[in-house]
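Here the structure comes first, spelled out in structure tokens, and everything after it is commentary.
2 protein chains.
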Amino acid sequence: MNNVFKALNDKTRRDILELLKQEDMTAGQIADHFNFSKPTISHHLDLLKQAELLTSVKKGQFVFYSLNTTVMDELLKWMLQFTADTLPLRKKITPRYEGK
Amino acid sequence: MNNVFKALNDKTRRDILELLKQEDMTAGQIADHFNFSKPTISHHLDLLKQAELLTSVKKGQFVFYSLNTTVMDELLKWMLQFTADTLPLRKKITPRYEGK
DNA sequence: TATATATTTAGACAACTATCTAAATACAAA
DNA sequence: TTTGTATTTAGATAGTTGTCTAAATATATA
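Protein sequences, first through last, are from chains U and W.
Following full-length UniProt numbering, the numbering of the first sequence begins with 1 at its first residue and continues without gaps.
Following full-length UniProt numbering, the numbering of the second sequence begins with 1 at its first residue and continues without gaps.
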């Protein structure tokens, strides 16, 4: 789970995820959308894979990357515990302070 | 939005959020739950505030921190675009490769 | 006022991150 | 086999981050 937050903590990587929403792409096609070197994009793809936000399949010379939605589903679950609908159950113990 | 991902990219800060799910707490009470110095926790609280994941109110010598759920709601919206229910609409263009 | 408590600010430092270029690897095609 | 294309690995570097201690600030109390 740590890896997921780490992977998402970078605008370029989040942009890569948005790109792949549309369609699967090769590493090269992805790199062409950014003004970074290919090794840099390759590194970002690696971090996204470590977080299991992407999967990859090698086909000939090309490596195709695809979104993996299952991790996002987990993240969603984590996040739901903090939403307005879930939280009002908690004790609100901020003391009534009779300020000076 | 960048600040939100940054704030969440640290286990201690995520733990602080979970703590505050139960009840509002002072900076000192929060710090007592961790094996870090108070300045360190103060810094984490600051980052969480910058991301608007927390609000704080000073009462006398004490500073009370509370969860702010509205940002989580936004994050949720961002995340929803990547969930299984939303995504199957996309083109799946991974070519059928007749492997060697 | 003097002292104690709660919290933050400042400054330092080791560890981590994003980026680059150059080189290596893997595969395809001539 | 030689050449070209796609991608990753290695190594370097500047910038960022998490942590600490010491000091500063703000408030409460004796």
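Glycine is no exception: its CB is placed at the ideal position from the N, C-alpha and C atoms.
For the C-beta of Asn9(W), the chain U residues within less than 7 angstroms are, from N- to C-terminus, Phe5, Lys6, Asn9. Here Leu54(W) is bridged, per DSSP, to Leu67(W). Under the 8 angstroms Cβ criterion, the stretch 43 to 57 of chain U does not count as touching the stretch 33 to 48 of chain W, having fewer than three qualifying pairs. Of the candidates Thr26(U), Phe34(U), Asn9(U), Lys6(U), Thr26(U) places its Cα closest to the Cα of Ser56(U). Contact of Asp73(W) with chain U is assigned, a C-beta pair being separated by under 8 angstroms. Looking at Lys21(W), Ala31(W), Asp24(W), Thr12(W), the one whose alpha-carbon comes closest to that of Asn2(U) is Thr12(W). For Thr69(U), a Cβ of chain W is located within less than 8 angstroms of the residue's own Cβ. In the structure shown, Phe5(W) falls within a helical segment according to DSSP collapsed to helix, strand and coil. Check the Cα spacing between Leu53(W) and each of Phe82(W), Gly60(W), Lys77(W), Tyr65(W): the tightest is with Tyr65(W). Annotation: Gly60(U) is outside any alpha helix (DSSP H) and is labelled neither H nor E by DSSP.
Residue burial annotation: Leu80(U) is exposed, with fewer than 16 other C-beta atoms found within 10 angstroms of its C-beta. Interface flag for Thr40(W) against chain U is unset, since no Cβ pair is found closer than 8 angstroms.
Under the three-pair Cβ rule at 8 angstroms, the stretch 60 to 77 of chain U counts as touching the stretch 68 to 88 of chain W.
Within the same chain, and ignoring the five residues on either side of Leu19(W) in sequence, the residues whose Cβ sits closer than 8 angstroms to its Cβ are Met25, Ile30, His33. Contact annotation, Lys21(W) with Leu67(U): C-beta distance approximately 30 angstroms; criterion of less than 8 angstroms not satisfied.
At a beta-carbon threshold of 8 angstroms, the residues of chain U lying near Leu76(W) are Leu76, Met79, Leu80, Thr83, ordered along the chain. Per the coordinates, the alpha-carbon of Gly28(W) lies some 12 angstroms from the alpha-carbon of Asn35(W). In the structure shown, Thr40(W) adopts helical secondary structure according to DSSP, grouped into three states. The beta carbon of Gln61(U) sits closer than 7 angstroms to none of the beta carbons in its chain outside the five residues before and after it.
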